[in-house]
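Residue numbering for the sequence shown follows the numbering used here, beginning at 49 and increasing consecutively.
Idealized CB from N, CA, C, for every residue including glycine.
These numbers come from a predicted model, not from an experiment.
Shown next, in structure tokens, is the structure this report addresses.
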Amino acid sequence: MTVLSSAVPQAKEQIIYPDLPLAIYREIATHLMQVNGTQTHLIPQDSSTFDYKQSQIKALVVQYPGKFQRQIETILNFYASRYGAYQRLETSI
49 MTVLSSAVPQ
59 AKEQIIYPDL
69 PLAIYREIAT
79 HLMQVNGTQT
89 HLIPQDSSTF
99 DYKQSQIKAL
109 VVQYPGKFQR
119 QIETILNFYA
129 SRYGAYQRLE
139 TSI
């Protein structure tokens, strides 16, 4: 007997806004989690030297149902319009 999965395809990405403060990363993560089925995780900076201008966060990991990609992009672009461009790296699930 074959069981067909009804799971919605998931997308997982790392989002990096250079020089963005921790508080804004947290705000973005909270905003993204308002999209149904979205999970976020902040990756701390791993630099061995302190730089006041460097963000405390290395990246924001976002996992979301693929059908909500447009909503996710809208939120990310909203913050990009205020804080500058971001990098988007796909990661494996």
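Legend entry - Own chain, CB closer than 8 Å to residue 52, minus 5 neighbours either side, in chain order: Residue placement at residue 52 is flagged as unreliable, the pLDDT there being 48, under the threshold of 50; the coordinate-derived value follows with that caveat. Cβ-Cβ distances below 8 Å link residue 52 to nothing in the same chain once the five nearest sequence neighbours on each side are left out.
Legend entry - Distance, residue 93 Cα to residue 62 Cα: Taking C-alpha positions only, residue 62 is separated from residue 93 by approximately 13 Å.
Inset, instruction - Pull up the distance between the alpha-carbon of residue 83 and that of residue 96, whole angstroms please. - result: Their Cα atoms are separated by approximately 35 Å.
Legend entry - Within 8 Å, strictly: CB atoms of residue 90 and residue 77: Their beta carbons are under 8 Å apart, which means residue 90 touches residue 77 by this criterion.
Inset, instruction - Below 8 Å on the Cβ atoms is my guess for residue 108 versus residue 88; work out the distance and round it to an integer in Å. - result: By a beta-carbon distance limit of 8 Å, residue 108 contacts residue 88. Their separation comes to about 6 Å.
Legend entry - residue 108 - containing beta strand (DSSP E), residue span: Unbroken beta strand (DSSP E) run through residue 108: 105-113.
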